[in-house]
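Residue numbers (the working numbering): 235 to 373.
Glycine included, C-beta positions come from ideal geometry on N, C-alpha and C.
Owing to the predicted nature of the structure, the values given are computational and were not obtained by experimental measurement.
First comes the structure, then the notes that go with it.
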Amino acid sequence: MSEETHQCKYCEEQFDEEKMLKKHYYVEHPKKPNPLNNKISRKYGRIVGNIERCFFAYEKTYAVLSTSQIESWYNERYKNGITKQRLSHFLRTRSQFRKVKKARFKSTNLTESWWSLGDLEKPVEVDIGGYWVEVPLLD
Ligand SMILES: [Zn+2]
235 MSEETHQCKY CEEQFDEEKM LKKHYYVEHP KKPNPLNNKI SRKYGRIVGN IERCFFAYEK
295 TYAVLSTSQI ESWYNERYKN GITKQRLSHF LRTRSQFRKV KKARFKSTNL TESWWSLGDL
355 EKPVEVDIGG YWVEVPLLD
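Structure follows, in structure tokens:
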């Protein structure tokens with residue numbers, strides 16, 4: 235087995251990318267521990283895993299999600315919930331999440347960010363709606 239192959243430890247199916255294997259664990263073995271989940275940050279692995287799950291749930295419709303969208307999805311499903319501030323922290327500090335767009339609500343200081351899980355395969359048009367003014371990303 236080459237180093238490039240990622241194998242499921244439950245059913246032995248193989249994947250070219252770790253990302254695909256990780257998704258496989260969520261989709262095919264939802265009740266079993268996801269061995270890739272806690273590799274980097276064990277302490278908050280469950281929360282970060284839940285955030286990733288949101289991207290998988292939406293991926294057929296949207297590859298890019300706003301912080302508010304993720305927050306609603308999360309709080310509808312998990313009884314402990316998450317605040318927008320805490321969610322933003324995880325989105326900013328975990329390398330698998332990429333900021334795609336930032337915008338400010340017209341005439342206010344209220345900002346919103348849009349995120350992808352991993353790199354986008356191709357650029358995606360994000361409809362931010364008429365009341366948002368795009369803010370350039372600094373990094
Ligand atoms: Zn499997």
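>> Strictly by DSSP, which residues pair up with residue 336?
In response: Answer by DSSP bridge pairing, in chain order: 347 and 369.
> Who are residue 241's beta bridge partners in DSSP?
Replying inline: In the DSSP assignment, the residues bridged to residue 241 are 248.
>> Mapping the DSSP letters down to three states, classify residue 353 as helix, strand or coil.
In response: Reduced to three states, the DSSP call for residue 353 is coil.
> Can residue 262 be considered in contact with ligand 1, in the sense that its beta carbon sits closer than 7 Å to one or more heavy atoms?
Replying inline: Ligand 1 approaches residue 262 closely enough that one of its heavy atoms is under 7 Å from the residue's Cβ.
>> Looking at the secondary structure, which residues open and close the alpha helix (DSSP H) in which residue 281 lies?
In response: Residue 281 -> alpha helix (DSSP H) spans 279-292.
>> In whole angstroms, give me the CA-to-CA distance for residue 293 and residue 350.
In response: Rounded to the nearest angstrom, the two C-alpha atoms are 10 Å apart.
>> For residue 310 and residue 289, what's the separation of their Cα atoms in angstroms?
In response: Cα-Cα distance, rounded: 15 Å.
> Who does residue 299 pair with in a DSSP beta bridge?
Replying inline: Here residue 299 is bridged, per DSSP, to 349.
> Is it right to say residue 284 is buried, meaning 16 or more other beta carbons lie within 10 angstroms of its own, or is it exposed?
Replying inline: Around the beta carbon of residue 284, 16 or more other beta carbons sit within 10 angstroms, so the residue counts as buried.
> Mind checking whether the beta-carbon of residue 245 lies closer than 7 Å to any heavy atom of ligand 1?
Replying inline: Checking the Cβ of residue 245 against ligand 1 gives yes.
> DSSP beta-bridge partners for residue 324?
Replying inline: Looking at the DSSP output, residue 324 sits in no beta bridge, so it has no partner there.
> To the nearest whole angstrom, what separates the beta carbons of residue 371 and residue 333, a pair I think is in contact under 8 Å?
Replying inline: The C-beta separation of residue 371 from residue 333 comes to about 6 Å, placing the pair in contact by the 8 Å criterion.
> Are residue 362 and residue 335 touching if we call contact CB-CB under 8 Å?
Replying inline: Yes.
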